[in-house]
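Protein chains: 2
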Amino acid sequence: MFNFFLYLYLLMLKAERLQKIVEQVAKDNKVILDDLSQLLNVSTDTVRRDIKELSDKGLLKAVRGGAIVGSPVHPHFKERQHIDTQQKKVIAQKALEFIKPGLVLLVNAGTTTTAVISALPKDISLTVITNSFPVVSILEDYPNVNVFFIGGQLNKPAFSTIGYETIEAIRNFRADVCLLGICSIDLKVGITGFTYEESLVDRAMIETSKYVIALSTYDKIGVSDPYYVCAANAIDALITEKDPSLADLDGFKDAGIMIK
Amino acid sequence: MFNFFLYLYLLMLKAERLQKIVEQVAKDNKVILDDLSQLLNVSTDTVRRDIKELSDKGLLKAVRGGAIVGSPVHPHFKERQHIDTQQKKVIAQKALEFIKPGLVLLVNAGTTTTAVISALPKDISLTVITNSFPVVSILEDYPNVNVFFIGGQLNKPAFSTIGYETIEAIRNFRADVCLLGICSIDLKVGITGFTYEESLVDRAMIETSKYVIALSTYDKIGVSDPYYVCAANAIDALITEKDPSLADLDGFKDAGIMIK
DNA sequence: TAATTAATTGCAAATTTTTGCAATGTTTAA
DNA sequence: TTAAACATTGCAAAAATTTGCAATTAATTA
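Chains as they are written, first to last, in the working numbering: chain A, 4 to 263; chain B, 4 to 263.
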């Protein structure tokens, strides 16, 4: 028989658990795995998985044996919750081929580029220039990555900077590779975006980079948005989650774009 | 038999131990292996390995018999965040008096300025210009605050930007009020800081602001650090957690500085 | 409603990390 | 030079983590 109170109890326990863990960390600056396991009446495995979940959200930092307070940066800026889609993981893996130690990378703001940065090996040596707060927050933990942040007006919904100063700052750099997460690309229309300000930033990034890699899920191909960024052949490579030999992509290959 | 010290040892996470070592080094400029071994209830071997690990990360310099400060780096933001919290709250409340809607605020990076920003009413209308990531992340939730982020080289331990571009960007603004968290202030020596790069940023901020408010815990008064920022009378107001009528502060009042 | 899919949780084996100890080598200072 | 202090290395026990698996439960869909 369905037991409503048992149901409620179990549901609350889940919510409580995560909340209690966060509270404990806030109070003591740390939590210990075995203590929590006892306190919350679940196995250490479950607590470990809870901690990992909270750690992914940026609410604390998982360490061996428990957890400690995380970085003071707002969890929103970490934005890693929504990036773990299968498609983005595939794109991220493919993009890693292009990223060799020593390069100067210019990275725009978006969940796809964030996924690529998350996938970088912890010890890689790079220079990364970006206007994305989530990218910076990931690279905080990379000791050999020199990060340069592009200032400007805070663009709250995208966790990035935009505007005149951002574009001027971009023009002062010369990057080896531009990692460009895009909204949409069409062979004839070119690359287009949702917002005017971001399209300007993207264009500046493309113009100042030697090699441009566009990152896009397959469903954004052949689509267009209101604001023009650049012609399709302004990019050097296009990475999607699909097999590059797909016939749909032949037009891009003919235009001299490497498909991965 | 119940062993209290074993119990303590079991409760101490390795990550905590590493933090404590860094704290000790920051406090005393040095640590001695055997002392730490006693204090932390682990063998000297373990302390030695900890020190090596921290040394690899550049957080201190391993020497025979212990460790000393590496490059004169400021302790990490995370370590400073939870010290003197009560005093910082008092300072934050006093600082609110100065922050009127509509102002253009220039805010430097530090745990004290972060505390002030946290204390702002959620609906205030402001323009905030800052090079501090924690400040931006707090202001993300303030719908009526227009935020401008100053780009530059990422300064990982302080969660801020520094360097040539940062200073150039600061010079393009003209702020009403500068909120300046400071390392130390002395009437004769002036304001001084712990790192060269940050002292340059602070100086640029002061120069471009109409009204400068220095924020300092009382114990930083009459103290000096290696890098000169500006003369004491370059600031307009000084806020500490203590009563402004304290005789120790009379010198500042005579120099025309408002004490709060 | 029933069947399927997805999520949660605990268990256990394999693996990795941590830690103290002891043997050996190196540096320091009287 | 020699004795003491310190560092390095390898090793083994203990602890923590990873991984795959199975049982249970929740959510979705036909």
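Even glycine gets a Cβ: it sits at the ideal position worked out from N, Cα and C.
Boundaries of the beta strand (DSSP E) in which residue i is found, first to last residue
i	result
residue 132/A	129-133
residue 231/A	230-233
residue 209/A	That residue, residue 209/A, is in no beta strand (DSSP E); its alpha helix (DSSP H) goes 199-210.
residue 264/A	Past the boundaries of the shown model lies residue 264/A; chain A is included only from 4 to 263, so the question cannot be answered.
residue 149/A	148-152
residue 188/B	187-189
residue 182/B	178-184
residue 268/B	Absent from the structure is residue 268/B, since the part of chain B shown begins at 4 and ends at 263.
residue 194/A	193-196
N- and C-terminal bounds of the alpha helix (DSSP H) containing residue i
i	result
residue 172/A	167-174
residue 257/A	253-257
residue 21/B	17-31
Integer Cβ distance of residue i from residue j, believed to fall under 8 Å
i	j	result
residue 21/B	residue 53/B	6 Å
residue 155/A	residue 168/A	4 Å
residue 209/A	residue 186/A	Not really, about 14 Å apart at Cβ, beyond 8 Å.
residue 107/B	residue 179/B	5 Å
residue 93/A	residue 110/A	Not a contact, Cβ separation roughly 19 Å.
residue 65/B	residue 33/B	That pair is no contact at about 11 Å.
residue 72/A	residue 95/A	About 28 Å; that fails the 8 Å criterion.
residue 160/B	residue 129/B	In fact, because the Cβ distance is near 27 Å, the residues do not count as touching under 8 Å.
residue 68/B	residue 24/B	At roughly 14 Å, the Cβ-Cβ gap does not stay under 8 Å, so residue 68/B and residue 24/B are not in contact.
residue 138/A	residue 116/A	7 Å
Beta carbon proximity, residue i to chain A, threshold 8 Å
i	result
residue 73/B	no
residue 10/B	Only weak support exists for where residue 10/B lies, its pLDDT of 41 falling under 50; the value from the coordinates is given anyway. For residue 10/B, the answer is no, since every Cβ of chain A falls outside 8 Å of its Cβ.
residue 16/B	yes
residue 5/B	Note that residue 5/B scores 35 on pLDDT, short of 50, meaning its location in the model is unreliable and no value can be drawn from it.
residue 210/B	no
residue 19/B	yes
Chain B contact for residue i (CB, 8 Å cutoff)
i	result
residue 156/A	yes
residue 201/A	no
residue 1/A	No answer is possible for residue 1/A: it lies beyond the span of chain A, which begins at 4 and ends at 263.
residue 164/A	yes
residue 170/A	no
residue 151/A	yes
residue 159/A	yes
residue 69/A	yes
Proximity test, residue i beta-carbon vs the ligand ADP heavy atom, cut-off 7 Å
i	result
residue 90/A	The model depicted lacks the ligand ADP and carries no ligand whatsoever.
Entirely enclosed beta strand (DSSP E) segments - the region 88-145 of chain B, minimum 3 residues: 107-110 and 129-133
| request: Using a Cβ-Cβ cut-off of less than 9 Å, give me the residues of the region 134-146 of chain B that come near chain A, in sequence order. | output: 134, 136, 137, 139, 140, 141, 142, 143, 144 and 146
Give the list of continuous alpha helix (DSSP H) stretches no shorter than 4 residues that lie fully inside the region 42-84 of chain B. 47-59 and 80-84
Can you give me, in chain order, the residues of the region 103-131 of chain A that have a beta carbon less than 8 Å from any beta carbon in chain B? none
> According to a CB-to-CB cut-off of less than 7 Å, which residues of the region 29-47 of chain A neighbour chain B?
Replying inline: 32, 33 and 35
Counting only Cβ-Cβ distances shorter than 9 Å, please list the residues of the region 48-65 of chain A near chain B, keeping chain order. 64
request  = Please name the residues in the region 233-262 of chain B whose beta-carbon is closer than 9 Å to at least one beta-carbon of chain A, in chain order.
outcome  = none
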